[in-house]
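Here our numbering = 1-based position in the sequence shown + 8. For each residue, glycine too, the CB sits at the ideal point set by N, CA and C. What follows is a short report on a single structure.
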Amino acid sequence: MDRKSTRDGFGEALCELGRIRDDVVVVDADVATSTRTEGFRKAFSERFFNVGIAEQEAVLVASGMALCGELPFVSSFAAFLTTRAYDQIRTCVAMPNLNVKLVGTHGGITVGEDGITHQMTEDIALMRSLPNMKVFVASDFNSAKALTFHLAEIEGPAYLRVGREPTQKIYEAGNDDFPVGEAKLLRPGDGVTICACGIMVPEALKAAEILGSQGINAEVMDCYCIKPLPKQQILASIRRTGCCVIAEEHNIIGGLGEAVARVVSEEYPVPIRLVGVSDRYGQSGTARELQEYYGLTYREIVGAAAQVWALRRR
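Shown next as structure tokens:
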């Protein structure tokens with residue numbers, strides 16, 4: 009099975025962008041090897057700026073570059089970029105609505121052996137709460153590439169979350185249709201809606217296969233765009249199914265689940281279950297061990313789907 013990480017997809021796309029756009033610059037916080045911006049540094053050293061382990065400075069430098077007409081990408085571990093530099097992102101990027109692209113790598117708990125301080129389950133909540141900020145989550149190598157290109161095309165602040173671990177291929181190479189404010193329908197169904205993002209997308213697809221064998225026809229959507237949320241697609245789906253499960257590698261507080269739950273409760277209330285990290289921090293372990301421990305697998309999705317299906321709106 010073809011497995012590559014989403015951070016590798018980001019790094020590859022960045023190099024391709026550098027070849028076709030002279031305005032693309034990269035600001036690094038001394039983690040280029042880990043964030044996969046090292047390839048850009050080697051190819052375009054004059055457009056690569058390493059400010060050292062200083063995420064606040066990286067965001068400020070990028071803000072200045074944006075004001076000068078450059079297209080800056082700032083990348084670091086999600087745990088560091090979205091917390092250490094939050095004041096600078098809020099004040100110097102989001103408030104003035106600058107064209108700065110933020111890429112948080114090593115998102116979620118599947119950083120694994122790096123441990124609790126390097127894991128991040130709050131970044132989506134932090135970024136989606138900022139006015140003007142668009143928020144995306146890549147589910148595989150090819151979607152990460154496509155979303156990186158989209159970040160370069162859209163105006164204004166944007167945050168992309170990518171991960172460390174190799175993931176199952178969901179999309180074929182060249183599938184670059186990832187519009188802002190939409191979701192990808194991966195599996196149609198009329199029994200239960202499953203909204204997933206990131207590493208939970210392949211788990212959702214596996215859960216859908218099992219649910220199908222149990223007589224529950226699950227519809228699976230890759231909600232790669234967290235903000236603006238694909239509201240109309242979600243509502244159209246739940247009107248067909250009458251129930252919904254949301255799966256994400258993030259705290260259930262403030263992430264995709266709460267975003268979907270708010271829309272559903274306001275527009276078309278149906279039974280909902282959230283599958284995610286239940287308001288806890290991570291710990292050391294392999295990526296799969298942590299997925300199992302925190303209940304981020306197809307099994308939890310199957311269980312949640314069965315619950316809401318039994319209560320579905322008819």
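Quick one: residues in its chain with C-beta nearer than 7 Å to the C-beta of Val143, no 5 flanking neighbours on either side, listed in chain order?
Position 135 of the sequence shown, counting from 1, holds the residue named residue 143. Taking Val143 as the centre and dropping the five residues before and after it, the same chain places the C-beta of Ile132, Met135, Arg136, Tyr167, Ile234, Lys235 closer than 7 Å to its C-beta, in chain order.
Among Met141, Asp36, Ile178, Ile117, whose alpha-carbon lies nearest the alpha-carbon of Ile162?
Working through the sequence shown from its first residue, we reach residue 162 at position 154. Ranking the options by Cα distance to Ile162, first place goes to Met141.
I'd like to know whether the C-beta of Leu68 is nearer than 8 Å to at least one C-beta of chain C.
Looking at the structure shown, chain C is missing, and only one protein chain is on hand.
Let me check one thing: in DSSP terms, what residues is Phe144 bridge-paired to?
If you number the sequence shown from 1, residue 144 lands on position 136. Its beta-bridge partners are Leu168, Cys233.
At the level of alpha carbons, what is the spacing between Phe85 and Val268?
Along the sequence shown, read from residue 1 onward, the residue named residue 85 stands at position 77. Along the sequence shown, read from residue 1 onward, the residue named residue 268 stands at position 260. Rounded to the nearest angstrom, the two C-alpha atoms are 26 Å apart.
With respect to the alpha helix (DSSP H) encompassing Thr249, which residues constitute its N-terminal and C-terminal limits?
What you label residue 249 is simply residue 241 of the sequence shown in a count that begins at 1. Element bounds for Thr249: 239-249.
Going by DSSP, which residues form a beta bridge with Asn58?
As a working note, residue 58 is residue 50 in the sequence shown. Under DSSP, Asn58 forms a beta bridge with Asp36.
Within 10 Å of its beta-carbon, does Tyr289 have 16 or more other beta-carbons around it, so buried, or fewer, so exposed?
As a first step, residue 289 is located in the sequence shown; it is residue number 281 there, counting from the start. Exposed, because fewer than 16 other Cβ atoms sit within 10 Å of the Cβ of Tyr289.
Which ranges does the beta strand (DSSP E) cover as unbroken runs of at least 3 residues, wholly within the stretch 148-215, from first to last along the chain?
166-169, 174-176, 192-195, 200-204
With a cut-off of 8 Å, do at least 3 Cβ pairs link the stretch 193-201 to the stretch 105-113?
The stretch 193-201 is not in contact with the stretch 105-113.
Would you mind stating whether Thr129 and Ile117 have Cβ atoms separated by less than 8 Å?
Position 121 of the sequence shown, counting from 1, holds the residue named residue 129. Position 109 of the sequence shown, counting from 1, holds the residue named residue 117. Yes; because the gap between Cβ atoms is below 8 Å, this pair is in contact.
Do Ala255 and Ile202 have their CB atoms nearer than 8 Å?
As a working note, residue 255 is residue 247 in the sequence shown. As a working note, residue 202 is residue 194 in the sequence shown. Yes; because the gap between Cβ atoms is below 8 Å, this pair is in contact.
Apply the 10 Å Cβ neighbour rule to Ser221 and answer buried if 16 or more other Cβ atoms are within range, or exposed otherwise.
Translated into the one-based positions of the sequence shown, residue 221 becomes position 213. Ser221 should be labelled exposed.
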